[in-house]
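> Going by the numbering used here, the first residue of the sequence shown is number 484, and it counts up by one from there. Below you'll find the structure I mean.
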Amino acid sequence: MIVCGDDGLAHRLAAELRGVYGEQVTLVVPPSVRRVRQPVVGRARAASAALLDRVSAAVNRTGAGGAEPAANEQVVEAAEVTEAVLTEVGADRAAALALVYDDDETNIRAALTARRLNPRLRLVLRLYNRRLGQHIEELLDQTAAVASGTGPGTAGLDASTTVLSDADTAAPALAATALVGTSKVVQTEGLVLRAVERQPPRPGEVADPGLCTLALLSATSNDPAGADGSEGSGEQGPRLLPDEAAVASATGRGTVVLEQVSYSGPSLPSGRGGVPPFASLFSRRLRWSLAGLVGCVLALAVALMFVTGEHPLYATYVTLLDLFGINDPAFHESTGRQVLQLLSGLVGLLLLPVLLAAVLEALGTFRSASALRKPPRGLGGHVVLLGLGKIGTRVLTRLRELHIPVVCVESDPEARGMATARRLRVPVVLGDVTQEGVLEAAKIHRAHALLALTSADTTNLEAALYARSVRPDLRVVLRLYDDDFATAVYRTLRAAHPFALTRSRSVSHLAAPAFAGAMMGRQILGAIPVERRVLLFAEVEVAGHPQLEGRTVGEAFRAGAWRVLALNTSPPGGRRGEDETPGEERVPASGLVWDLPSTYVLGAGDRVVLAATRRGLAELLGRRRRRERAGA
484 MIVCGDDGLA
494 HRLAAELRGV
504 YGEQVTLVVP
514 PSVRRVRQPV
524 VGRARAASAA
534 LLDRVSAAVN
544 RTGAGGAEPA
554 ANEQVVEAAE
564 VTEAVLTEVG
574 ADRAAALALV
584 YDDDETNIRA
594 ALTARRLNPR
604 LRLVLRLYNR
614 RLGQHIEELL
624 DQTAAVASGT
634 GPGTAGLDAS
644 TTVLSDADTA
654 APALAATALV
664 GTSKVVQTEG
674 LVLRAVERQP
684 PRPGEVADPG
694 LCTLALLSAT
704 SNDPAGADGS
714 EGSGEQGPRL
724 LPDEAAVASA
734 TGRGTVVLEQ
744 VSYSGPSLPS
754 GRGGVPPFAS
764 LFSRRLRWSL
774 AGLVGCVLAL
784 AVALMFVTGE
794 HPLYATYVTL
804 LDLFGINDPA
814 FHESTGRQVL
824 QLLSGLVGLL
834 LLPVLLAAVL
844 EALGTFRSAS
854 ALRKPPRGLG
864 GHVVLLGLGK
874 IGTRVLTRLR
884 ELHIPVVCVE
894 SDPEARGMAT
904 ARRLRVPVVL
914 GDVTQEGVLE
924 AAKIHRAHAL
934 LALTSADTTN
944 LEAALYARSV
954 RPDLRVVLRL
964 YDDDFATAVY
974 RTLRAAHPFA
984 LTRSRSVSHL
994 AAPAFAGAMM
1004 GRQILGAIPV
1014 ERRVLLFAEV
1024 EVAGHPQLEG
1034 RTVGEAFRAG
1044 AWRVLALNTS
1054 PPGGRRGEDE
1064 TPGEERVPAS
1074 GLVWDLPSTY
1084 VLGAGDRVVL
1094 AATRRGLAEL
1104 LGRRRRRERA
1114 GA
């Protein structure tokens, strides 16, 4: 296995392949002189700099695991992935190559070169551009088929191309962590898996088991000195994929249950584009003013109708004439008619400024549609999002899909997500979050949660500490570079603020399992965090897996390792079309059967969706791979 990258994801992926799957890994990274740590600025300079120095030294020395490089890992330094570098690291005879540079163009260029060197090489690319990724995936697969002389779609060709995005993998978990009661959703290619975190039932209550229990939360999740929810938490930590006996005996523990497994259609476009909605053309005060004037006109027309006895339409017509200009003074009319004429003239004088204000405000709204919005004065209960880079942009889109009010903070006016913020009409505060007054401008004192997702660990940590000084009970989620650093920050903040929710997330820790599974030739549908552990969802063909083939669903379940969730009966490579005749009534139009009885026997032609731990999936896939290697 070859991993090429320039950030934490490459190191984490290499450690995942080496430690979990037991693979021989060659890691290609830029020369160490190019990995310069960014300067630390702001109020937390001294303490954060010292801590980050220790973390950076550990990462640069060991890659990701906190120990000396293992015997089955080789580290090669190269400024650029050229044909010569790929030949040197053995791309022509490797099983898989992962290109996880932060730049899309670098990954595409290296992938084209690698595909030319080895048409049978399995490629895994990290691309942020989704549409481009789909085209590149089709192009590279077609190139492999032509070069091998097998033709597109020919069975037996092991080469494949998988395009993934760490931003897409981590964004749902980051967005869900910041919200109370929000489901943990895995959504990919129309497949929706929804899991919900539930608190322990009260005395006399019966917890809803859902479709199945995916995990038990830590027994000490509310204890600041208790388990931190990581893999090294022992018996007090979270337990993934427990059996029925473990669930029944785990009193007082929260659970993560599966609520839904289904297919959904493609997301519908909004159709609005950059045109703002009609209600946003006018401010609330101006809308009330217009409504009041309309009420006055109607009241004057009704009064005129009663005074003169005229038809309602004629009374309204005369009232409007009086509003816009008194051309026929009522000298010889009754006193009531004269008073109404004077009132109509007065209302007409008031109407002209309001109409002028409406026109100017509408023009200003269209003119500033591409400009940044400021947080409204009375805003509260919102989420403050720091950083509009790759991760922040994806999280912002996810939050707006959930109709969550958001205020963004960004220091770079040309950041990647600024255009998305304008399109979604999300308020943005431009400024350095480490400077005084920036978080206050984002209404942090009335916010529901803080999502610190910038690319600098110290900036995220500093913003979280300052926000907690303003609101001790604020819900805080931090994106941190290194998972060990994230664990240390999590423990410290939880101990300092035991009654406030704190979550620290490493994007590479969330994304690495999906990239590793793709390198092993299996599609990882998604991952959800369970405290500081990760639960994976994958689609696996039963054929060739003795742990699944010929066994019932109940027999195939292995506690703490994997669990079959659903049977996919749709044709391989796509879902059943609308024009095809459905099968039995128990099979939905999507081809997904999730209510499988425990006595159902898995056949060689079945494809199943399963939940698995990292090591469980490695055992399910890795052993088969090593047996095939030994046989060869």
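Beta carbons: idealized from backbone N, C-alpha and C, even for Gly.
Once DSSP output is grouped into helix, strand and coil, what is the label at ARG603?
DSSP places ARG603 in coil when its eight states are reduced to three.
> How many Å lie between PRO859 and ALA898 at the Cα?
Those two C-alpha atoms are separated by around 23 Å.
> Which term fits PHE998, buried or exposed, when burial requires 16 or more other beta carbons within 10 angstroms of its beta carbon?
Burial call: buried.
> I need the straight-line Cα distance from ALA1021 to VAL878, nearest angstrom please.
Their Cα atoms are separated by approximately 23 Å.
> Would PRO522 be called buried (16 or more neighbouring beta carbons within 10 Å of its own) or exposed?
Confidence at PRO522 is low in this model, with a pLDDT of 36, below 50, so its placement is unreliable and the value that follows should be read with caution. Label assigned to PRO522: exposed.
> So GLU1032 and ALA1087 are in contact, right, with Cβ under 8 Å, and what is the actual spacing, rounded?
Confirmed, Cβ separation roughly 6 Å.
> Below 7 Å CB to CB, which residues in the same chain sit around ALA547 once its five sequence neighbours on both sides are set aside?
Confidence at ALA547 is low in this model, with a pLDDT of 40, below 50, so the placement of that residue should be treated as unreliable; the coordinate-derived value is given next. Only HIS494, ARG495, ALA497 and ALA498 meet the Cβ criterion.
> Give the DSSP-derived three-state secondary structure of ASN1051 in the structure shown.
Of the three classes helix, strand and coil, the one that applies to ASN1051 here is strand, per DSSP.
> State the Cα-Cα distance for the pair ASP489 and THR1035, rounded to the nearest angstrom.
Distance between the alpha carbons of ASP489 and THR1035 is about 45 Å.
> Determine the direct distance from the alpha carbon of VAL780 to that of LEU832, and round the result to whole angstroms.
Whole-angstrom Cα-Cα distance: 13 Å.
> Looking at C-alpha atoms only, which residue of ALA1042, PRO1080 and LEU595 is the closest neighbour of ARG722?
Looking at the Cα atoms, ALA1042 is the closest of the given residues.
> Alpha carbon to alpha carbon, how far is VAL583 from SER989? Give it in angstroms, no decimals.
C-alpha separation (whole angstroms): 16 Å.
> Residues in its own chain within less than 8 Å of HIS928 by CB, not counting five upstream and five downstream?
VAL953 and ARG954.
> Buried or exposed, going by whether 16 or more other CB atoms sit within 10 Å of the CB of LEU751?
Confidence in LEU751 is poor, its pLDDT being 34 and thus under 50, which makes the residue's placement too unreliable to answer from.
> DSSP three-state label for THR738, please.
THR738: strand per DSSP, three-state reduction.
> Whose C-alpha, out of MET788, THR645 and THR734, is nearest the C-alpha of SER1116?
Look at the range of the chain in this structure, 484 to 1115, and you will see that residue 1116 is not part of it.
> Going by other Cβ atoms of all chains shown within 10 Å of its Cβ, with 16 needed for buried, is THR1082 buried or exposed?
Result: exposed.
> Please report the distance separating the alpha-carbon of LEU615 from that of LEU622.
One C-alpha to the other measures close to 11 Å.
> How about ALA678 and LEU699: are their beta carbons less than 9 Å apart?
Cβ distance not < 9 Å, so ALA678 and LEU699 don't count as in contact.
> Output the distance between the C-alpha atoms of GLY1037 and VAL1091, rounded to the nearest integer angstrom.
Distance between the alpha carbons of GLY1037 and VAL1091 is about 14 Å.
> What distance in whole Å lies between the Cβ atoms of ILE874 and ARG962, which are believed to be in contact at a cut-off of 8 Å?
So it is a contact: roughly 6 Å between Cβ atoms.
> CA-CA distance, TYR504 and GLY737?
Those two C-alpha atoms are separated by around 30 Å.
> Going by DSSP, what residue range makes up the alpha helix (DSSP H) through ALA1001?
It spans 990-1002 - the alpha helix (DSSP H) in which ALA1001 sits, taken as one unbroken run.
> Taking the Cβ atom as the reference point for each residue, do LEU1019 and GLY1009 lie within a distance shorter than 9 Å?
The answer is yes: Cβ separation under 9 Å.
> Who are the near neighbours of ARG881 in its chain, counting only those whose CB is closer than 7 Å to its CB and skipping five residues on each side?
Here the set comprises ALA654, PRO655 and ALA658.
> Short check: CB of THR876 to CB of VAL916, under 9 Å?
No, these two residues do not count as a Cβ contact at 9 Å.
> Determine which residues share a DSSP beta bridge with GLY1045 and list them.
As written in the sequence, residue 1045 is Trp, which differs from the Gly given in the question. For TRP1045, which the question treats as bridged, DSSP gives the partners ARG1041 and ALA1095.
> Measuring CB to CB, does VAL739 end up less than 9 Å from GLU680?
Cβ atoms of VAL739 and GLU680: closer than 9 Å.
> So ALA950 and VAL960 are supposed to be a Cβ contact under 8 Å. How far apart are they, rounded?
11 Å between Cβ atoms; not a contact.
> Please return the same chain residues whose Cβ sits closer than 8 Å to the Cβ of PRO513, not counting the five positions on each side in sequence.
Only ASP489, GLU560, ALA561 and ALA562 meet the Cβ criterion.
> From LEU580 to SER938, what does the alpha carbon distance come to, in whole angstroms?
Going by the C-alpha atoms only, they are around 26 Å apart.
> Count the other CB atoms, across all protein chains shown, that sit within 10 Å of the CB of GLN617; report buried if there are 16 or more and exposed otherwise.
It is exposed - the Cβ of GLN617 has fewer than 16 other Cβ atoms within 10 Å.
> Taking DSSP as the reference, what is the three-state secondary structure of GLU1032?
Coil, per DSSP.
> Return yes when the Cβ of ALA578 is within less than 9 Å of the Cβ of LEU595, no when it is not.
No.
> If you follow the alpha helix (DSSP H) that PHE789 is part of, which residue opens it and which one closes it?
It spans 767-791 - the alpha helix (DSSP H) in which PHE789 sits, taken as one unbroken run.
> With a threshold of 8 Å on Cβ separation, who are the neighbours of VAL866 within its own chain once the five nearest residues in sequence on each side are excluded?
For VAL866, where only same-chain residues beyond five positions count, the Cβ hits under 8 Å are ALA661, LEU662, LEU882, ILE887, PRO888, VAL889, VAL890, ALA930, HIS931, ALA932, LEU933 and LEU934.
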